[in-house]
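Asker:
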Amino acid sequence: MLERVANAVLFQIGWLTCVVGGNSLWLLLALAVLVVHLSWISSWAAEGRLILCVVIVGTAVDSVLRAVGVFEFQDQSPLIPLWLMLLWALLATTLRHCLQWSGRPWWLASGLGAVGGALSYYGGGRLAGVQFPYGELSTLIGIGLLWALLFPLLHTMARRLAG
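Residue numbers (our numbering): 3 to 165.
(1) Quick one: what's Glu74 bridged to in DSSP?
(2) How long is the line joining the alpha carbons of Gly113 and Ile145, rounded to whole angstroms?
(3) Three-state secondary structure (DSSP) at Ser112?
(4) Nearest CA to the CA of Leu92: which residue from Phe153, Gly16, Val11 and Met3?
(5) Can you check whether the CB of Leu88 is closer than 7 Å to the CB of Ala164?
(6) Would Gly21 and Gly126 qualify as a contact pair, given that the criterion is a beta-carbon distance under 7 Å?
(7) My guess is that Asp64 and Leu86 are in contact by the Cβ rule of under 8 Å, so how many angstroms apart are they, rounded?
(8) Quick one: complete alpha helix (DSSP H) runs, 4+ long, within the stretch 32 to 75?
(9) Is the beta carbon of Ala116 less than 7 Å from the beta carbon of Trp149?
(10) Would DSSP call Ser104 helix, strand or coil?
(11) Does the distance from the C-beta atom of Ala160 to that of Cys100 stay below 7 Å?
(12) Measuring only the C-alpha atoms, how far is Val72 from Gln133?
(13) Since I believe Ala111 is in contact with Ser104 (beta carbons under 8 Å), could you give me their beta-carbon distance rounded to a whole number of angstroms?
(14) Expressed to the nearest angstrom, what Euclidean distance is found between the alpha-carbon atoms of Trp28 and Thr141?
(15) Taking all protein chains shown into account, decide if Arg162 is buried (16 or more other Cβ within 10 angstroms of its Cβ) or exposed.
Right, here's the structure in full:
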């Protein structure tokens, strides 16, 4: 139980640090959160493949959304910013810990993904200055639908890579 609470607190610290700090030295604190998770709660051997896979999937998904104009960042890179990639790594740390309960049944993961994904992008977008050119409401509905599919997929990855 304490492990799950610690994981949730670490994730929230990392999320806020990434979103508010952006691509600044604050990323070192978010990276430290990841290191603390891998040192005290889990390990690279246990979760390294999952973290890498989630970062690859998340970077691909968000980079495609960026390329088609769903959201705009201040920098002009074709990929998402580094802070958002690190945020995906931090999310991966929750799948076997504080959010493990949400993986089954699939509809629970889907519902939580739809609501939580949209709210996370809304809050993160507000704090990080991300623009939604297609309009905020339509973008968040689209992101919610996408996350209704994506979150169960991430949980499936977490179970299969548990190995």
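Cβ atoms here follow ideal geometry from the backbone N, Cα and C, with glycine treated the same way.
Answerer: Well, looking at it:
(1) DSSP, once it has assigned bridges, lists Gln133 as partnering Glu74.
(2) Taking the straight line joining both Cα atoms gives about 12 Å.
(3) In the structure shown, Ser112 sits in a helix (DSSP, three-state: H, G or I).
(4) Closest by alpha carbon: Gly16.
(5) Cβ distance not < 7 Å, so Ala164 and Leu88 don't count as in contact.
(6) One point to set straight first is that residue 21 is Val, not Gly, in the sequence displayed. A distance below 7 Å separates the beta carbons of Val21 and Gly126.
(7) Going by Cβ atoms, the distance from Asp64 to Leu86 rounds to 6 Å, so yes, they are a contact pair.
(8) Complete alpha helix (DSSP H) runs here, min 4: 46 to 69.
(9) Contact: yes.
(10) Note: Ser104 maps to helix in three-state DSSP.
(11) Not closer than 7 Å, so no.
(12) Distance between the alpha carbons of Val72 and Gln133 is about 8 Å.
(13) The Cβ separation is near 5 Å, so the contact holds.
(14) Answer to the nearest angstrom: the Cα atoms are 28 Å apart.
(15) With fewer than 16 Cβ atoms within 10 Å of its Cβ, Arg162 is classed as exposed.
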